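**Q**
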Amino acid sequence: MFTEFLVSAGARFGEAVAVTVADLNLSSRPGPVRITKAWKHVDRNRYFVSATKTRTGKRTVFLPGHPVMALVPVMAGRQGRALLFTDVDGDRITRVELWRQRWLPAITAAREAGLGTAPRSII
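Residue numbers (my numbering): 15 to 137.
1. Could you please give the first and the last residue of the uninterrupted beta strand (DSSP E) stretch that includes residue 64?
2. Output needed for residue 93: all residues of its chain with C-beta closer than 7 Å, excluding positions within five of it in sequence on either side, in chain order.
3. Report yes or no: do the segment 64-72 and the segment 84-100 share at least 3 C-beta pairs separated by less than 8 Å?
4. Find out if the Cβ-Cβ distance for the pair residue 98, residue 33 is shorter than 7 Å.
5. Apart from the five residues just before and just after residue 16, which ones in its own chain have a Cβ nearer than 6 Å to its Cβ?
6. List the DSSP bridge partners of residue 51.
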């Protein structure tokens, strides 16, 4: 679901992992998502939430029907300030986690299926 959100929303990684439940309105179609913040890093182990990379990065995007419907169970029973996308421990998703747990296995599977060159990393 996270990758589909990245593609559908056209969000940068740091923006997507900073989206909270309150940033979405699933009662309308297409579903508006407010992109207003992003995770930034100070150094290797310290991160914080701040404004988007540029002023024009603060925007509202509209998700088509399928991603909106897929987010309904993700949001069920969660408070507005809760991060929309989390790891198995309920913490923010990191680039390293996504790279190791999703991207590399997908590339391996694609190569085994006959993909000649690896796609450019979006992470």
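Glycine residues also receive a C-beta, built at the ideal position from the N, C-alpha and C atoms. Note that the coordinates shown come from a computational prediction; the quantities given were computed from them, not determined experimentally.
**A** Taking the structure as given:
1. Position 50 of the sequence shown, counted from the first residue, corresponds to residue 64. That run of the beta strand (DSSP E) goes 60-65.
2. Sequence index remark: in the sequence shown, residue 93 carries index 79 (1-based). Around residue 93: 35.
3. Short answer: they don't touch.
4. Within the sequence shown, numbered from 1, the residue matching residue 98 stands at position 84. Within the sequence shown, numbered from 1, the residue matching residue 33 stands at position 19. A contact, by the Cβ cut-off of 7 Å.
5. For this step, residue 16 is matched to residue 2 along the sequence shown. Within the same chain, residue 16 has close Cβ partners 99.
6. Numbered from its first residue, the sequence shown carries residue 51 at position 37. For residue 51, which the question treats as bridged, DSSP gives the partners 65.
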